[in-house]
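Under full-length UniProt numbering, the final residue of the sequence shown carries the number 159; numbering is consecutive throughout.
Below is one structure, written out as structure tokens, with a few remarks after it.
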Amino acid sequence: MKTEDHFLRTAIALAHANATAGGRPFGAVVVRGGEIVATGVNDVIGSHDPTAHAELAAIRAASQALGSADLSACAVFASGHPCPMCMAAMRLAGIGSVTYAYSNEDGEPHGLSTAALRAELARPFSEQSMTIRHVPARLDTCPDLYGEWRRWQDARLTG
Numbered sequence: 001m002k003t004e005d006h007f008l009r010t011a012i013a014l015a016h017a018n019a020t021a022g023g024r025p026f027g028a029v030v031v032r033g034g035e036i037v038a039t040g041v042n043d044v045i046g047s048h049d050p051t052a053h054a055e056l057a058a059i060r061a062a063s064q065a066l067g068s069a070d071l072s073a074c075a076v077f078a079s080g081h082p083c084p085m086c087m088a089a090m091r092l093a094g095i096g097s098v099t100y101a102y103s104n105e106d107g108e109p110h111g112l113s114t115a116a117l118r119a120e121l122a123r124p125f126s127e128q129s130m131t132i133r134h135v136p137a138r139l140d141t142c143p144d145l146y147g148e149w150r151r152w153q154d155a156r157l158t159g
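Here you go:
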């Protein structure tokens, strides 16, 4: 049976290969039932997409492979400490556990830590560096977007 160490080493090998190819040193695997369902590497540099993180790529691939956005039976093994965006995505997907090899402290001297971002996001909106505002705008033709969506969903389910 494959162990946590095997999955972490697989994520690290993906990260190493990605870094060797000019990418960032991050890799991730999604595991279900002791088997790798999907893998991903960081493609921020190549894609010019700041959301192209290894964990997100692996989650997207796993969702496609399993035909479901519900990954509650899965675990993620990542080469590095997942950033807040990736942690949120894993929670939204229902991932049951996350294990990583390199900490934010390991990455800090190399500019690869997200600890400062994590601390910033923990502050109240009014104290963050980005302006965050709630403006309750509505369409005249659909004043209750969420309620309308729920009715559409209910109608689809009942046929």
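A virtual CB, placed ideally from N, CA and C, is assigned to each residue, including glycine.
- When beta bridges are read from the DSSP output, Phe77 appears opposite Val29, Thr99.
- Cα atoms of Asp144 and Arg150: separation of roughly 10 Å, rounded to the nearest angstrom.
- In this structure the stretch 91 to 104 does not lie against the stretch 121 to 139, because fewer than three pairs of beta carbons, one per stretch, are closer than 8 Å.
- DSSP, read as helix, strand or coil, puts Val135 in coil.
- Pairing His6 with Val29, the inter-Cα distance amounts to about 11 Å.
- Cys142 counts as exposed, since fewer than 16 other beta carbons sit within 10 angstroms of its beta carbon.
- With at least 16 other beta carbons inside 10 angstroms of its own, Leu8 counts as buried.
- Note on geometry: alpha-carbon atoms of Ala78 and Glu4 lie some 11 Å from one another.
- His48 is not a Cβ neighbour of Phe26, given a cutoff of 8 Å.
- For Cys142, the pairing in a beta bridge is given by DSSP as Leu139.
- For Gly23, the three-state secondary structure derived from DSSP is coil.
- The alpha-carbon separation between Ala116 and Asp43 amounts to approximately 22 Å.
- DSSP places Gly147 in the helix class (H, G or I) of the three-state scheme.
- When only Cα atoms are considered, Cys74 and Gly33 end up about 8 Å apart.
- DSSP lists Val29 as the bridge partner or partners of Thr39.
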